[in-house]
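The opening residue of the sequence shown carries number 530 in our numbering; numbering runs sequentially from there.
Ideal Cβ placement from N, Cα and C applies to all residues, glycine included.
Just below is one structure, and these are the notes that go with it.
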Amino acid sequence: MHQPKLHLTPTERKVWRFEAGHELQVIETDFGRFGVSICYDIQFPEVGRLLAEQGVQLLVVPFLTDDRRGYSRVTLCARARAVENQFYVATAGMTGSLPLITDLTAQYAQSGIYTPADFPFPVDGLATEAAPTAEMVIVADVDLALLDQARARGSVLNHQDAAQDGLHVRFDGTIQVHRLPWSETSGPGPASQA
């Protein structure tokens with residue numbers, strides 16, 4: 530499974546000459562459905578909405594930002610996607626430096642796990658957050674059943690109301706659902722142990 534980046538920054542297009550992808554992937558496991566939104570992609574609400582419509586319960590956002598301003602854009606948008614789509618969002622930012630690569634001499638990041646800002650989640654929508662620019666692992670319990678409760682009986686019903694709001698998003702690519710060979714007894718395969 531490979532999730533391409535859908536939206537490129539000017540530097541990625543002009544300097545690094547990257548090409549944008551055109552497919553959204555949904556990862557289906559025994560634990561739930563997951564999606565990936567790479568860095569700049571999180572700033573486009575349509576991506577999260579399309580994934581939510583496919584039953585995604587956790588959106589993972591790997592990112593690399595040069596400074597606090599870029600980090601703020603990613604994090605504020607990640608938190609907004611959690612509220613809009615009533616799913617969990619986990620951001621994973623690159624910290625440290627790559628002094629031998631042009632334009633990557635330093636990064637700013639603060640990874641986090643965010644929830645909808647509704648009952649029964651944390652009042653601020655924050656499950657946990659890393660220290661700024663620290664290399665660390667963060668862990669939080671995410672109860673997928675709580676998403677169903679919030680979507681059915683929360684103080685806001687974003688997930689239901691979005692389906693009836695009359696606005697439609699057009700996506701010219703494809704959405705693929707992948708079933709991973711994981712089970713609750715065997716756990717993740719070797720790829721996740723790297």
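Open item on the list: Quick check on D570: buried or exposed, where buried means 16 or more other Cβ atoms within 10 Å of its Cβ?
Closed with: Flag for D570 reads buried.
Task: Bridge partners - P591, DSSP secondary structure assignment - done: P591 is bridged to A621.
Task: Segment contact flag, the region 592-603 with the region 553-563, C-beta cutoff 8 Å, min 3 pairs - done: By the Cβ rule, the region 592-603 does not count as touching the region 553-563, because fewer than three pairs are nearer than 8 Å.
Open item on the list: I'd like to know if S601 contacts chain C, where contact means its C-beta is closer than 8 Å to some C-beta of that chain.
Closed with: Checking the listed chains, one finds no chain C in this structure; it contains a single protein chain.
Open item on the list: According to DSSP, simplified to helix, strand and coil, what is V470?
Closed with: Residue coverage of the chain in this structure runs from 530 to 723, which leaves residue 470 outside it and unanswerable.
- [ ] Compare the beta carbon distance of T644 and A674 with 8 Å and say whether it is the shorter of the two.
- [x] Not a contact, by the Cβ cut-off of 8 Å.
- [ ] Quick one: grab the DSSP three-state call for N614.
- [x] The answer is helix: DSSP assigns N614 an H, G or I state.
Open item on the list: Among the candidates I556, H536, Q554, whose CA atom is the shortest distance from the CA of F547?
Closed with: The residue with the shortest Cα to Cα distance from F547 is H536.
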